[in-house]
Structure formats: structure tokens, C-alpha cells
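Residue numbers (UniProt numbering), protein chains in the order written: chain A, 1 to 316; chain B, 1 to 467; chain C, 1 to 298.
One structure below.
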Amino acid sequence: MSEPVSLTTDRPGQADTPKPPAPGRSRRLTDRRLAVAFIAPALLLLLAMSVFPLLWALYLSFTDYSATRGGPANFVWFGNYTAILTSAQVHLRALTTLVYVVGAVGLQTALGFTIAYLISRRTRGRGLLTTLFLVPMMLSPVVVGLFWRFMLDAQFGVVNSMLGSLGLGQVEWLTRQRTALLSLIVVDTWQWTPFIMLIALAGLTAVPKYLYEAASIDRASEWFRFRTITLPLVWPLLLIAVLFRAIEAFRLFDLVYILTSGGPGVSTETLSFHVYKVAFLGFNTGTASAYGILMVLVVIVLTQLYLRYLNKLKED
Amino acid sequence: MRHSQRIGRLSAALLLVATTVAACGGSQDDDAKASAPKAPAAIPELTKDPLTLSFIWFEWPPAQALEAFANEEYKKERPNVTVKVNTVPNANWHDAMFTQFAARKTDFDVAILDSQHIGEAVTNGNILDLTDFVKNNIDVDAYDPYLLAAYGQFPQAETGQRDENASLYGLPLLGDTWTMIYRKDLIGDKPPQTWDEMISAAEKCQADNPGVSGLAFHQANGSDAAAVTYNTVNGVYGGNLWDAKNRKIEGVLNDAAGQEAMDVLVTKMKPLTAKGSGNWFIDEVNAAVAQGKACIAFNWIAASGGLLDPKQSTLGKTREQILGKLGFATLPKQKTDLVPLGGMGMHVSAYASSANQAEALSFMKWFEQADVQKKWAAAGGVPSRKDALASPEFLNAGPFNKVYADSVPRMRDMWNVPEYARLVDIENTNVNAALNGAKSPKDALNDIAKDQQAVLDSSNRKGGGGL
Amino acid sequence: MAVSVDEAVSAGPVPKHAPPTRRRSGRGRAIVEVALLTVLAVVMLFPVLWMIETSIKENRDVYAVPAKFFDFDVTLDHYRDVFVSSGLSVSFLNSVIVAGASTVLATVLGVPAAWAYSRFTLKAKKDQLFFILSTRFMPPVVVVIPIFLMYRYIGLIDSALGLILIYTAFNVPFTIWMMKGFVDEVPAEYEDAAMLDGYTRLQAFRKFTLPLLVPGIAATAVFALIFSWNEFVFAIFLTSSDEVRTAPPAIAGLIGGTTVDWGLVAASSVVFALPVLIFAYLVRKHLVAGVTLGAVRR
């Protein structure tokens, strides 16, 4: 496993500096005991509530077990996995999820960075602005989903009403293939642009002033300064934000459940939503477990590759 | 990499534990496998201690009506009992009940199952077999036999005949079917008699009244919304959902009659609906009617009560004014006169305590008496006893109750099989796709038939079930 | 990790005195930027304003086409309904209990662990930390299946305790990561000095380090609280009865009956969102720490 990218950009080294050796042998022993006593409860909880269930799911993924039908779990070994990987239904959901993840994360990165950049160039009212921009991120996905469903209603929704007063026709936001996926992307972007903005803002304000001052003495153009000073310094932090958002977006369920329930047809069904259907409509627990394990694998592998790429970027 | 080795060892150890636990669980399940446990033929002695009898239903007015009615009336009989009707969101109804069944522990004593859920619950042994209890305690002749079959019998005869030898697993709670809701002030007092007439009346009304759409019906891809809509049109145009005896859907559902029904739905009916109505279900259709935005609408009778509430309507300031504009009629006929069967029965959870199971049986016996059924009708319920259906208490309680009484002999249900939840999801998503232009009507119907057939045939597949 | 919104707010990279030759174009540009920022702020905030507006409209104005932005009758009926007739107050109370208990539990378990990870040299510390973080990568819909099966055996289905435990498990990784950042910033020398004075290490932690961590703990706890407060997937699949249900599934249940009361939906959403917004405002200084260390925070 590669090490996680250190997010603590300031005070480098401090976190990992080994403690100066404690004077006595007995002291070190109590230290170790203390460390174990402090860490063990948290790790035990994680083992019981996160690791154990995952391993259980791993075991079930090789069986045809069903939570409602009961009966013994028969081993089908990789039967579930091959069925999932070869299923056209799954491929369709994977494509939908991919479009959604790329669209939503791309859009919110662009928007979030733009807003952060604009805010960072203001001298007054920044605190208020930042706080206001953060509101969508604090809301429950249930509230966000419900309320956007209301606003996007084709008949009496406020969005179409405003389009109408601009002389544009009604748009079926949630019931056409293309627009439904677009709506999902827009709503997710609305909720999570603040997240990218916040991180980008942190990066932008951490850029040391003297770099700019040096650049302005050189009469460098603003674009040049942005490209050579701002962006390279903000980029790594922004890439981390993108990673977090991509992981979140990949597992999106609640917004789909409330906004479109996968419709029209199955055109906005994400992988998570499909897992839900497999798990709870037919109670095909074995298949759903394998499906879930595959999703976790995809996240872990892609995260590792991405982090490795990030580390390389840092070294260059 | 030392770390991953350790994780590996740890995983192996935990996997062992998981396997052991699951194996133990497995053997437990084996014991419980012998399908549905039997309820006693006579009601056991009831407790005198305070007891709460819990139901589970979804969130809608009849749920509140049932709780109020039971606490008012059943309390007179059993003062120590309080009735509680737990409700969940409609979209989560099936999942909420069956996850609890899967847990082999329910926080409800009486499950109010959709009629098509019975198969799944019986096969998994989740609800009590009431056959003996019914024989000794319920006057079965008082019922319309099909309703008794629909809300309790399994295997269910799709033809609408009650099979005297089949087992009963539930008793009727609330009958339901679709009613046609039409604007008397826009299309006239006399409701259209045939499906064709209905479509042309809607067409004319929509053309004459800008801003009002011709039709409003269920199109959503959640619950059973779009599926019931297609099934209704399919029935009216002489189609069949399946060949129950041979478990054949492919070639039956998508035969010529089925194709015609899909064409009528998508090419004739859909263009008459409001733009963006492709995700409408019960509440959106009601809202469209109440806002005066639909000439003709179809909705479940049990969900139509709110239409007469002046507070939610723009059609009038009093109930009478609203009734001057809204008419309720049985569905038009075409090649057949079939209407969809809705409604739900009461079923006793196999995992409730014996005291609560006994109380549940006592409640059901009480509930199915003639005078109680009439009172339930007056309180807003829809009874299943013939005498209650014909009683003035029922017929005068709402303008749509006559519609229900007239519809009873015309009802047809869906497939009542353990695979119901998946069959209905396939149909919902495909009909919804066809209605919203994501699939051609022909492709949608063929996909439904193919996928549903695969679900019925998939019982001996090696892995990947449920995809 | 010491970048806070306030710092982000006070110190700017913008040179205050642009070279005179560029002043005119600079002012024009500033106007464009302010305009752009205003437009973006309006777009981002409009849904929130519309929600508040809908919550105080009469139902007939809620459905009005074209939408009424200003000329509507103000009513507080929807807010009354939230607390009186809708039964939502029980769910709000459940949310308070579940979110509160899981936050306290996550803090009690997470803060000592974070301190230990920060202060002691441990074997494969980085791997352990990454492992802790990675438990949050799992899609909830996937985790809910085995959790469900597990709860079935130990009888935690449809119980507040079950929700508290799973929320705690999702919050502990976050708490450890975020708190480790805060502990790193408290010089270890304080504890060393205390120990030279004769305190044990535990006492040194309690008496000298812990008080310095209080602001960090508050910020971390608020994020844990927000996650538990807003969580939907576990809540809807692991609970079913009115007595246990938390607010998100209860609010979701407001639609899908026979009528939709969007005024009630809006009012309950506002009521439900208020505590979170207030808490977020109180810890605004630590928001950046929260979102960056919180990894897969919701």
C-alpha cells in the first residue's frame, strides 16, 4: 500500500518526527500499553462494524445466499462475479455512473475553483461570502433531492417558470433520458461545488505572497503568474478534493433514489442504485454482495493508482 | 508489503469466523424452512394485560383511518388493547416489510401486504397459514370469493376464481381498484363508455381547454405505478399478463393484443398527458385533478378522498361544488371490461409473540363481522363482504364507492408469485422508458417479456441471480 | 493543517497596489469579477431562498404558475404542521438522540486514538491510518447488506443503538484523522515538561494537552454530527418503526402518499437544516480542516 498523501502542508515533518526516546525502560512499556489502550477500542469498533461485515460480504459473494429465502448458502464460487462482469445490465449502469461521475466532478471542480479564485481576489466580505456559499453542502441529500425535485417539476417548478418568463419552452427535467442525467449532475454540482471551493480557497490563500511580489517586479503577466505560481501550488490540493468527490459520486445512491428513482426507465440508475435493487427487490444477497465487493475493489484500485500518480507529480 | 501480509492473515481469520457464523445461521434457517407456520384453528386465550397490536402499512390516509377506527371500535371489545399502525414511505413499503421478515424479527404483528406480496411471504414462511382459523371463525360465504382469494389465497388463481382447497394466508382489509375521474363541466355528465370514446373525449377536451391536459394517470417507475397502468390497458384490450399454468410470459404478454395495448398507451394516451408527467404517481395525479389541470384521470379509489377536500382543491369552495365538476365512474370497456385489483389484506407475522398473534387473530375475527365492516365502510374503508359492499353505509360514504361495488366482478390481479417484486420492477422501468421516449413501445414490451421470463426461469442458475 | 476560513479570509495574495499602468483595466476587471461572483452567489443561494419562501406560502401559491416571487400571503401554518400534526417531532427527537450519541461515542473513541497515533511511534503507523481511512471508502448500500445480516443475529435491527453504532463506526475514522492533525499542532514538549514535573503521561495528556484540544474536538464533533444528522441510507434500511425513525427518512416519507404538501416539505426541511447551519457557522474557522482531513465525509 502506498502511503496516503499527507494533507498537512504546513509544519512539514512534525507529524512524523519520532518522539525522542523516553528515558527509562519502564516508561516505554507504559507508553506502549497506553497506546494500545487508547487505540484498541477504536480499532475494535472498526473491525466489528466495518471489516467484519465486509469479510462477511466477501464470503457471501461466493454463494447464492438469500436473506429472505433462508436455507443454506451454496457455494457458486465465482459464478456471481462472472455473471456481474458479463451482464449487459451492469455495463449500462457502469456507463451511467461514469458519465455522472465525470460530468458532476468535472463541473464542480471548474465551478468550485472559479468561485474560490474570485473570492480569493476580493479583499472585503470574504468571510460572509465563503460562509454563504457553503450552505448547500451542509444540507441532507434527502432535503436537496426533494427540493430540487419540486423546483424541476415540469408543470409548476420554479425553473420552468423562469424559463417560461424568458420565453423559453418547458423542459422535462426529470423525465427525459438526457435531461434526467443532466439534472442529477446539476443537483450534485449544486450541493458539492462548495466542497471544492473550500479546499481550493485553502490552497489559494496558502500561496506565499512573496512569490507574487517577485513576479510583479518581473512584470509578469497575470495569466503567467496564475499559470506558473498559483496553479502549481493549488493543483495537488485540488486533485485531493477531486479524489474525495469522485469516491463520493461513485457511490451515489440517495439522490437518485429521491430525485429520479432511476428513471426514465433505468437511464439514471447508478451502480449503487442497481446494487440496492438486486439486494432488496429479489433479496439476491449473494449477488449483491459480489456486486458490492467489486465496487469496493474499483474504488480501492483507482484510489491507489490516483494517489501513486499524485505522489509522482509531487516528486517531479 | 509486510502490512498486506498481516492483513491477509487477519482476513483469513475473520473469514473463518464469518463462515462459522453464517453456517450456524444457515442451519437455523433450515429449521424454519418448512414454509408458513400454521395459526391455531381457535383463538387462544387473550391476555388481560395492556397490549399494543402493531400493523405496518405505507403512509396514506387509510392508514390513519384504520388506526383511528380500530382504537375507537376495537377498544370497546378489548379495552386493554391499543392499535398502532406504523407507516413507511410508499416507495419503501415492500423493502421495509421484507427486510424485517428477513431479520426473522418484526416490530409489527400484522403486515398489510399488497395482494401480490403474498407469494413471497408464504414461500419464505414469513406469515401464518390461516386456513384452519378461517374455517372455524370466518363466514367465508359472506365474501365475494375473488376478493377472498386475492387478499389471502396462495397459490392464487389468476382467473379470479377462488380455489376452495388452496390455503389462506390473509383476510381482506381494504379493497381497491381504479376509478375514472372526469370533469363533468368539461366533457359532460355522461362518462365515456369505451376506451376509444374516452381517448377521443380527452382529445377534444384538451383541444377546447388550453392549459388543461386530456389525461392524467400513473407513469412513475417506482412502486407498481407504470406497471399497473400498462396492465390495465393490456386487460382492457384483451391481453394476458402470463400463462400461469405453464409459467410463460414470453409470447403471451407480447402477443398481438399486448402490442396493441402498448401502442394505445404510448401513442394515443401519452400525448394527451401533461408535459413532464412521466414520473407521476398517485399524488401528482391527484394534484393535477385538484388544480383543474386534467380532463380525465385514473387513480386508486382509496387515494381519491382528498380530491373532495376544498382546502386542497381549486375546483370549488365546498364538497358539493367540487362534486358538481368531478364525476367518478368505472373504467371504460373495450375488448374486455377488466379493471385492476388493488387493495391489501391483513397477514399475521410469523415472528410476532404468541400473545400478539392471538390478539391479531381476535382482531381479524372481529374486523370481518358484518356490522364492523359497515362501520369500517362509513369510516372511509373499503370492505370486502358482499353485505357491506351493498350497504348504504358504504355506498353513501363517498361518490367513488359505487364505482368500487360495480367494479368488483371485473377485477384482475397481477402475478402473485415470490418473484413479484422483480417482475414488477422490470415492467415498471420498461413501461416508464416507453412512456418517456427512452425505448420504443415494441422494444419495451419485448424486453419486459424476455426479462420477466428470465426471472421465472432463473431458479436453477449458478450465481448472478437478481441482475 | 492550520488553514482556516478566517485565515483564508484575512490574508490574500492579491497585491493591493497594482502597477499604475494597469489600473484602469484592473478596475474594469474587478467589476467583471464582482458581477460574476454575484451571479454565482445568486445561483447557488436561490434554491435555499426558494425553500424558505415556499415554507411560508399558502399551498395555492406554492403551485402558482408562473411562480410567485414576492406577492404572496405569508403563513406559518406549515411550521405549525411540522411540530403538531405531522408526527415529525418524534423523528427530530430521534435524530437528536442518534446523532448526539454517535458523535459523543466517536469523540470518546477517536480522540484518545488520535493522540496515541500522534505521540507514539507505532508499527506500520501509516498503513494503520490508511486502513482506518479506507473503511470509509465503502458504499453505504454495500455495507448495509452485511450490517443488516449482522444486526439480525444480535437483534439490533430497527433500534436506535444499531444506528448509533454504525454512525459511530463511520465517524471514528474521520475523528481520528482530523484530531491527529490538531494533536500534531500541540507541541509534545508540553507533555514532556509535565512528565519531568512528576506527572504520568496520562495525567500530562489530561491536564495539559486535552484542554488545548477543545476547539479541535468541537470542530471535529460538529462534522461527525452533520454526517449522522443527514444520513439516509442506513436509516431507511435498518429502521422501520415510527419510534426509531430519524428525520431524513421521515421527511422523505412526506411525499408518495396521496397528496404532496410541498409547503410542509419545505418547512420541515428548513427546520431540519437549521441546527446544522448554526453549528457550521459556529465552527466556520475549522471547516477547511474538516473537509480535507475528513476524507470521505458527507
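Think of the CB as a built atom: it goes at the ideal place given N, C-alpha and C, for glycine as much as any other residue.
Exposed or buried, residue i, counting other C-beta atoms within 10 Å across all chains shown (16 or more means buried)?
i, result
"C/P146", "buried"
"B/N90", "buried"
"B/I426", "buried"
"C/W177", "buried"
"A/D316", "exposed"
"B/Q206", "buried"
"C/L196", "exposed"
"A/Y309", "exposed"
"B/A39", "buried"
"C/P248", "buried"
"C/L76", "exposed"
"B/Q219", "buried"
"B/A358", "buried"
"B/G211", "exposed"
"A/M33", "Here residue 33 of chain A is Arg; the residue named in the question, Met, does not match the sequence. So A/R33 counts as exposed."
"A/N284", "buried"
"A/F273", "buried"
"B/A150", "buried"
"A/P21", "Any reading at A/P21 is ruled out, since the residue's pLDDT is 44, under 50, leaving its predicted position unreliable."
Starting from residue i, trace the alpha helix (DSSP H) in both directions and tell me its first and last residue.
i, result
"C/Y199", "No alpha helix (DSSP H) contains C/Y199, which DSSP labels as neither H nor E."
"C/W262", "262-282"
"A/I199", "177-206"
"B/W93", "93-102"
"C/F205", "Run containing C/F205: none; DSSP gives neither H nor E here."
"A/W235", "231-250"
"B/I296", "Not the alpha helix (DSSP H): B/I296 falls in the beta strand (DSSP E), residues 294-300."
Could you work out which residues of chain C lie near residue i, taking near to mean beta carbons separated by less than 7 Å?
i, result
"A/D254", "F232, V233"
"A/S61", "Under the 7 Å cutoff, chain C gives no residues; its nearest Cβ is about 10 Å from A/S61."
"B/G306", "T258, T259"
What distance in whole Å lies between the Cβ atoms of residue j and residue i, which are believed to be in contact at a cut-off of 8 Å?
i, j, result
"C/A106", "C/T168", "5 Å"
"B/D176", "B/A41", "Not really, about 30 Å apart at Cβ, beyond 8 Å."
"C/G110", "A/A42", "6 Å"
"A/I199", "A/L238", "7 Å"
"C/G87", "C/D242", "7 Å"
"C/W115", "A/F38", "6 Å"
"B/P441", "B/A449", "No, B/P441 and B/A449 are not in contact; Cβ-Cβ is about 13 Å, not under 8 Å."
Who are the neighbours of residue i on chain C, taking C-beta pairs under 9 Å?
i, result
"B/A70", "Correct list: empty, because the minimum Cβ distance to chain C is about 16 Å."
"B/Q100", "I157, D158, S240"
"B/T314", "R60, Y63"
"A/L133", "Leu is not the amino acid found at residue 133 of chain A; the sequence shown has Phe there. Within 9 Å Cβ-Cβ: L40, A41, M44, L45."
"B/I322", "Simply none; closest approach about 14 Å."
Would you kindly report the start and end of the unbroken beta strand (DSSP E) that includes residue i?
i, result
"C/D242", "C/D242 -> no beta strand (DSSP E), and no H or E assigned at all."
"A/S221", "Here A/S221 belongs to no beta strand (DSSP E), and DSSP marks it neither H nor E."
"B/Y169", "B/Y169 -> no beta strand (DSSP E), and no H or E assigned at all."
"C/H286", "Taken as a continuous stretch (DSSP letters only), C/H286 belongs to no beta strand (DSSP E), as it is neither H nor E."
Taking Cβ-Cβ distances shorter than 8 Å, what residues in chain C pair up with residue i?
i, result
"A/R227", "Per Cβ cutoff of 8 Å: no residues; A/R227 is ~14 Å from chain C at best."
"A/A154", "By Cβ distance, chain C contributes nothing, its closest Cβ being about 11 Å from A/A154, past 8 Å."
In chain A, what lies closer than 9 Å to residue i by C-beta?
i, result
"C/V265", "V143, L146, F147, F150"
"B/E419", "G282"
I want to verify the contact list: residues of chain A whose CB lies under 7 Å from the CB of residue i, in sequence order.
i, result
"C/V143", "P53"
"B/D95", "F280"
"C/F182", "Those do not exist, as C/F182 stays about 11 Å from chain A at its closest Cβ, beyond 7 Å."
Does the ligand FAD have a heavy atom nearer than 6 Å to the CB of residue i?
i, result
"B/A388", "As for the ligand FAD, it is missing from this structure, which has no ligand bound."
Quick check: is the beta carbon of residue i nearer than 7 Å to any beta carbon in chain F?
i, result
"B/D129", "In summary, chain F is missing from the structure at hand, where the protein chains are A, B and C."
So which residues of chain B does residue i contact, with C-beta pairs closer than 7 Å?
i, result
"C/F148", "T99"
So which residues of chain B does residue i contact, with C-beta pairs closer than 9 Å?
i, result
"C/A252", "P89, A91, N92"
Identify the contact partners of residue i in chain A, using a Cβ-Cβ distance below 8 Å as the criterion.
i, result
"C/Y281", "T131"
Entirely enclosed beta strand (DSSP E) segments - the stretch 383-409 of chain B, minimum 3 residues: none
Unbroken stretches of the alpha helix (DSSP H), 4 residues or longer, contained in the stretch 104-165 of chain B: 118-123, 131-137, 145-152
In chain order, each beta strand (DSSP E) run of at least 3 residues that lies wholly inside the stretch 322-356 of chain B: 326-329, 339-348
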